[in-house]
Amino acid sequence: MRLSSRAPAVSLAPEHPLASVDGPLRLSDLADEPMVRLDAPPSSHHAMEVCQFAGFAPKIGYRTQNFETARGGRCWCSARNAARHPGG
Numbered sequence: 035m036r037l038s039s040r041a042p043a044v045s046l047a048p049e050h051p052l053a054s055v056d057g058p059l060r061l062s063d064l065a066d067e068p069m070v071r072l073d074a075p076p077s078s079h080h081a082m083e084v085c086q087f088a089g090f091a092p093k094i095g096y097r098t099q100n101f102e103t104a105r106g107g108r109c110w111c112s113a114r115n116a117a118r119h120p121g122g
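This is the structure we're talking about:
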């Protein structure tokens with residue numbers, strides 16, 4: 035039984051070039067961007083796995099165990115098919 039599900043998201047600063055892209059982003063679009071890694075299981079393991087699945091190792095620019103700190107970062111990738119998340 036599934037209790038809940040969440041849509042994949044990435045938070046970008048409003049001035050980031052990818053923030054103005056219409057439609058979904060591919061995770062590979064973020065391969066060269068620094069990632070703010072949420073260092074809390076299972077999120078940290080999942081983020082590394084999906085980046086590896088997309089064919090790259092993420093560039094970890096900052097690590098935190100605080101969700102709000104990770105959410106406020108410039109780039110946070112956490113899913114195979116990333117989508118824009120306004121207001122980062």
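Everything in the sequence shown is counted per my numbering, starting at 35 for the first residue and increasing by one. Just so you know, even glycine gets a beta-carbon here, dropped at the ideal spot from N, CA and C. If you're wondering where the values come from, they're calculated on a predicted model, not measured in any experiment.
Measuring alpha carbon to alpha carbon, tell me which residue in the options is nearest residue i.
i	options	result
Thr103	Cys85, Leu72 and Leu52	Leu72
Val70	Ile94, Phe87, His80 and Phe90	Ile94
Ser77	Leu37, Thr98 and Ala53	Thr98
With H, G and I counted as helix, E and B as strand and the rest as coil, what does DSSP make of residue i?
i	result
Pro51	helix
Leu46	strand
Met35	coil
Leu64	helix
Return the CA-CA distance between residue i and residue j, expressed in angstroms with no decimal places.
i	j	result
Glu67	Pro48	15 Å
His50	Arg105	15 Å
Gly89	Leu64	11 Å
Asn100	Pro92	19 Å
Val55	Leu46	11 Å
Drop a sphere of 10 angstroms on the beta-carbon of residue i, count the other beta-carbons inside from all chains shown, and report buried for 16 or more, exposed for fewer.
i	result
Pro75	exposed
Ser112	Residue confidence for Ser112 is low, a pLDDT of 42 falling below 50, so the modelled location carries little weight; the figure read from the coordinates is stated next. Looking at its Cβ environment, which holds 16 or more other Cβ atoms inside 10 Å, Ser112 is buried.
Leu61	buried
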